[in-house]
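Protein chains: 2
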Amino acid sequence: MKATTPAKPAAAAVRSPNRDKILDAAEIEFATHSYESCSLRMIAESSGVNLGLLHYYFGSKQALFAAVFLRRSATLVERRTALLVEAKRAAGGGPVPLEDLIRSFITPTIEMIKQGEGPKAFIRLHSRLRTEPLDFARDLRRSAFNSVNFAFIKAFAETCPHLSRASIVWRFTAMVGAYLFLISQSGRVEDLSEGACDPSDVDSAIDQAIPFIAAGFLAPDVRKRGQRGAKKAANGKAALAG
Amino acid sequence: MKATTPAKPAAAAVRSPNRDKILDAAEIEFATHSYESCSLRMIAESSGVNLGLLHYYFGSKQALFAAVFLRRSATLVERRTALLVEAKRAAGGGPVPLEDLIRSFITPTIEMIKQGEGPKAFIRLHSRLRTEPLDFARDLRRSAFNSVNFAFIKAFAETCPHLSRASIVWRFTAMVGAYLFLISQSGRVEDLSEGACDPSDVDSAIDQAIPFIAAGFLAPDVRKRGQRGAKKAANGKAALAG
DNA sequence: TATCCATTTAGACATACGTATAACTAACAG
DNA sequence: CTGTTAGTTATACGTATGTCTAAATGGATA
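As they're listed, the protein sequences go chains A and B.
If you're matching positions, the first sequence starts at 335 in my numbering and goes up one per residue.
If you're matching positions, the second sequence starts at 335 in my numbering and goes up one per residue.
Encoded structure:
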């Protein structure tokens, strides 16, 4: 036992059939249940691998989770970056068309969903991470995605000169919330649609998301609170916020 | 020990100072950590109440969670319903103005956030429930909210005759995702805004959410996949919606 | 005062968890 | 054949969890 790295006790090759089996099973389990409600024993069993190997290859549950996360998030970030670069090039130096921007952001997620059960599970996991109060997982997400997010925010700002910096950030957040909900397959859409739409139809979800989000960005900027005539009071009588 | 109700072992009054202390502490703990990562012992300690009392009053962790959830969700649903009724009345039989509809839906949440730490914690908990894979919790949410959600969907359909039934449901989902993200205080906005906006400023978040969502609903309906000229291929250059 | 009963307490139960380790296997090197 | 080493196994440790129970408490009632 080297005292230096308690996490990875032995040499432990980076590639290995069993290591991959563990990663694949962990991805599904972490996505299906939450981080804490799925045990290493469940993962060991569903991957058909001995429990001790999880410790051998990854050292700890947390490190296993990180490995699961990093394996796919890199792909997602690269793809998003590539599409943004391509859209910029197509725009020839000018502002990137709004819908292109939105599509560049969302498309890599959709591609991944269609790629198979594992990648699809990762997307579920990834959306859940946003609300799950796991500090280490949030740090993971932050360090993986912050920089590409900034690049998109900058591009949105150029495309939408009518919006303040603050408004850009708010609407970017709204965009992420909207599209994640649409593809989250949380059972929500089933409940509400009464058969009118198929919640697993990711393409439809996205066809809906793009114009919805684009229109949202195009809406005029809101004045700051306190500035004359408070925006929200605009329409008079109706059931308004207090 | 009555064999009939293993869950509630004794008579156990519905009101009691300690019972309320437990509920309050559990609300905070469940919201701060996830359901499984906070133990009954944590709740007992932070409420200053003996562990055995949690079992005495609620019978099980799951039942305690349900009690926490039901205490506030009832308020939320009632308030949402009341605002919808009022908006309909104000509209005098005609379709309710779009922004009023959105406001009626969102306002009760904002009111609750401003009501104190407990109610605010409940909102965090409530948003998390949408992605957390806890079957029993999802059933809770469903049975509490489905009916008022249907009422809103019906109203949105009347206000937006340009949208198909499916589109209404998709956009309703997008709305929920957008506004929940905006108020979720998940640390996301901090990361991205670099000081441009204050993520705890719920009013600003909502001022942003309303026009964003309203514009999204107003965007033209999307044609179904397969119908001539595939929507998405229209990448052209236009920075415009639809 | 004696009785009663909702409430409260301390403590125990079985179980499951993440983690650790010592022993074993098989392949290859000298 | 011997020694080494990555991989694998079975098993154990300490701890924490949800649940449960038997006993104590204490104010109201008879």
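Using N, Cα and C, we set each Cβ at its ideal position, and we do this for glycine too.
Note on geometry: alpha-carbon atoms of B:Tyr369 and A:Arg375 lie some 20 Å from one another. Under the three-state reduction of DSSP output, B:Leu474 falls in the helix class. A:Glu433: member of the alpha helix (DSSP H) spanning Leu432 to Lys448, first to last residue. For A:Val536, the enclosing alpha helix (DSSP H) covers residues Val536 to Leu552. Taking A:Ser407 as the centre and dropping the five residues before and after it, the same chain places the C-beta of Ala478 closer than 6 Å to its C-beta, in chain order. For B:Ile356 against B:Leu404, the beta-carbon gap comes to about 14 Å, at or over 8 Å, which does not count as contact.
The Cβ of B:Ser350 sits no closer than 8 Å to any Cβ of chain A. The Cβ atoms of B:Leu459 and A:Trp504 do not sit closer than 8 Å to each other. Per DSSP, the continuous alpha helix (DSSP H) segment holding A:Val503 begins and ends at Arg499 to Ile517.
Taking a contact to require three or more Cβ pairs closer than 8 Å, the region 481 to 497 of chain B and the region 445 to 461 of chain A do not qualify as touching. Taking a Cβ-Cβ cut-off of 7 Å, the neighbours of B:Pro467 in chain A comprise Thr366, His367 and Ser368, given in sequence order.
Taking 8 Å as the cut-off, the beta carbon of B:Asp525 is found closer than this to the beta carbon of A:Asn480. Cα atoms of B:Ile440 and B:Gly428: separation of roughly 21 Å, rounded to the nearest angstrom.
The region 378 to 393 of chain A makes contact with the region 359 to 369 of chain A: 3 or more CB pairs, one atom from each, lie closer than 8 Å. Using a Cβ-Cβ cut-off of 8 Å, A:Arg353 does not count as an interface residue toward chain B, since no Cβ of chain B sits closer than that to its own. Under the 8 Å criterion on CB atoms, A:Asp473 is classed as non-interfacial with respect to chain B.
Around the beta carbon of B:Asn483, 16 or more other beta carbons sit within 10 angstroms, so the residue counts as buried.
Closest in alpha carbon position to A:Asp473, among B:Pro554, B:Ala508 and B:Arg522, is B:Arg522. Per DSSP, reduced to three states, the secondary structure at B:Asn384 is coil, with no helix or strand assignment. Under the 10 Å beta carbon count, B:Leu385 is surrounded by fewer than 16 other beta carbons and is classified as exposed.
Distance from the CA atom of A:Ile457 to the CA atom of B:Ala539, rounded to whole angstroms, is 26 Å. In this structure A:Leu418 is not in contact with A:Ser394, their Cβ atoms being roughly 35 Å apart against a cut-off of 8 Å. Across the set B:Ser350, B:Ile444, B:Lys488 and B:Phe506, the C-alpha of B:Ile444 shows the shortest separation from the C-alpha of B:Leu410. For B:Ala489, the CB contacts under 6 Å within the same chain, skipping 5 residues up- and downstream, are Val430 and Leu435 in chain order. The continuous alpha helix (DSSP H) containing B:Asp354 extends over residues Pro351 to Thr366.
Per the coordinates, the alpha-carbon of A:Asp535 lies some 33 Å from the alpha-carbon of A:Phe470. Pairing A:Pro545 with A:Val556, the inter-Cα distance amounts to about 20 Å.
Put simply, the backbone Cα of B:Ala425 is about 37 Å away from that of A:Thr465.
Separation of the CB atoms of A:Ala512 and B:Ala512 is rounded to 4 Å, and the pair is thereby assigned contact status at 8 Å. The Cβ atoms of B:Ile502 and A:Gly550 lie no closer than 8 Å to each other.
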